Every structure is written in C-alpha cells, then in structure tokens.
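Numbering (my numbering), first residue to last: 1006 to 1297. Yeah, the Cβ is synthetic: ideal placement off N, Cα and C, and Gly gets one too. All of these numbers come straight from a predicted model, not from anything done at the bench.
Dropping the structure here:
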C-alpha cells in the first residue's frame, strides 16, 4: 500500500486533499496499474509546487501560465499535464472543492504526436531473419502479431488461456473487462508448439519468471535493435502491425476489434480506411492504365 506523504497534515480544500481523494476514487483505482503509475508521476510533479494551495483559487489564467511554462520545455509534458488537471478539476467541481472548472476556459496545448510507429513487413522479415524460429524473442513477436493484444495482456498470457484451439482471455479496457476469443490458426499453432519450457506463462525470462510490462517492452526494443531495425520498434507497434495486417486482409473494424479487444471504433476504423485507400488507389491506376 502506498503511503500518502503528509496525509495527516493535508489542508481541507487543497490540491493535496483533492489528489488524495482522487487516488482513492474509482476514477483512479479502475485504471491499469501501469497507467496509475504514469498518472501518479505526472500529478506528483504538479503537487510538489501546488499541493497546499486551495483548489478554489485556481483560475484559467493560472492554468495558462502553468502550462505555458511547461510547454516551453516540452509540449508533450504540457499536453499530458493538461489532461491530468482536466480530470482533477472536473472531479473538484463534482466533489464540491470549487464551483467553477477553469480547465473549460484554459488554452489547449498545440502538440502533435505520431504515437507508436507500427512495424512494417520489412521490419518483421528482418527481425525473423535475425531471430530464428524457436527463439524466445521470435516467439514473443509472433504471439503479439497473431493476437494483436497489448503488452500488458501478452505478458500474462498462459497455457490456461488456450481452450479448444482458441486463445480465450479477459482484458481490461477503459475500466471494463472485455473477453476476447481468438482462433489459433495452424501457423500460430506451430509457433506455440516451439515453446519448450514448462512454465504456465507463455512468455518468461531465461529464469522462468514472468516479465513485467516495462521489462517486456525494453526486451523487445533491444531485440529489435539487435536485429538492425529502426528505433522505436515497440510491442505496441506490433499491435498496430497486427491491425494493419487484418485491415489489409479485408477485415472490417468490428472484426478487428473482436480480435484485439479495442473498444474505440474510430481508432480501428483508421486502419480500415488506410487499407481501403491503398486498394482504391490500385483500382484507380488499373482502370486508368491497365494492370501492369
């Protein structure tokens, strides 16, 4: 259990009190542990300077000045802080710490991000060339591609989830539990058959221990680097690659979601639109100039 530093001296109505209440609320406790850790780190940076201050005194001009100072160093950090403050102030109004939400009038942060880069088919082929079939690195990447699951779900995937030629597991998405049932294709079965250890988890360390989310990510990034791949080739990039493969095979957004467990239809539709755009471009050239 994490002890809230100075909890006994928390001033009622302060950001210290609001943040302490937030950490105990379902808005925070239903998040994935990795997400909780990320959010807590971001919030505690704000709390260091503003914890004892009254929540009701925060105005839009103060938020603009605060985010402006952070954005001068990093727009990404300012963008994340704005999100955390938006949640805190929404709850502050709900919990009667204040009557107005200054975040509704505060300036937005102009920040563009490409997100995690998907692995290309060339990346995957190069990785396979370096890591032969049966190596733990190759098995991990193939599991990610055949399931399209997030790293947090893949690291806990075990033999108990293999049921009648399907991967059946429950994953947490946006606070809700979602069950996915993924058919084990013959090619995927061959991958699973190359697992020689007797541990319950499918992906383990050399000592037979389960891998944490962060350790797994670092392990895959290092394996990709050793294979000569470009930087930023992460497990989430493989999840995107799996979605792209499904979309290019003609799967609908709903079909993809049934495999990956996504709940955001708009996010998955992006992959489908891009795949359809390529097919339309091919059809357009074929109609105009004939098939080469």
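| query | result |
| --- | --- |
| Residue 1136 beta carbon less than 9 Å from that of residue 1228 | yes |
| Within the region 1013-1038, ranges of the alpha helix (DSSP H) (whole runs, at least 4 residues) | 1020-1029 and 1031-1034 |
| Beta-carbon separation (whole angstroms), residue 1153 vs residue 1264, contact threshold 8 Å | 5 Å |
| Cα-Cα separation, residue 1061 to residue 1181 | 32 Å |
| Among 1293, 1048 and 1222, nearest to residue 1237 - alpha-carbon criterion | 1222 |
| Where residue 1218 falls, given that 16 or more other Cβ within 10 Å makes a residue buried | buried |
| Whole-angstrom C-beta distance between residue 1160 and residue 1113, which should lie under 8 Å | With a Cβ gap of about 35 Å, residue 1113 and residue 1160 do not count as contacting. |
| Beta carbon of residue 1132 nearer than 9 Å to that of residue 1234 | yes |
| Runs of alpha helix (DSSP H) wholly within the region 1152-1187 (minimum 4 residues, chain order) | 1156-1159 |
| Per-residue DSSP class, three states only, for residue 1288 | helix |
| Residue 1258 versus residue 1115 - alpha carbon distance | 29 Å |
| The region 1075-1089 contacting the region 1040-1047, beta-carbon criterion three pairs below 8 Å | yes |
| Of the listed residues 1293, 1290 and 1251, nearest to residue 1278 (C-alpha basis) | 1251 |
| DSSP-derived helix/strand/coil call for residue 1077 | coil |
| Cβ distance (whole Å) where residue 1068 is taken to contact residue 1111 below 8 Å | 4 Å |
| Other residues of its chain near residue 1204: CB distance less than 6 Å, five sequence neighbours each side excluded | 1213 |
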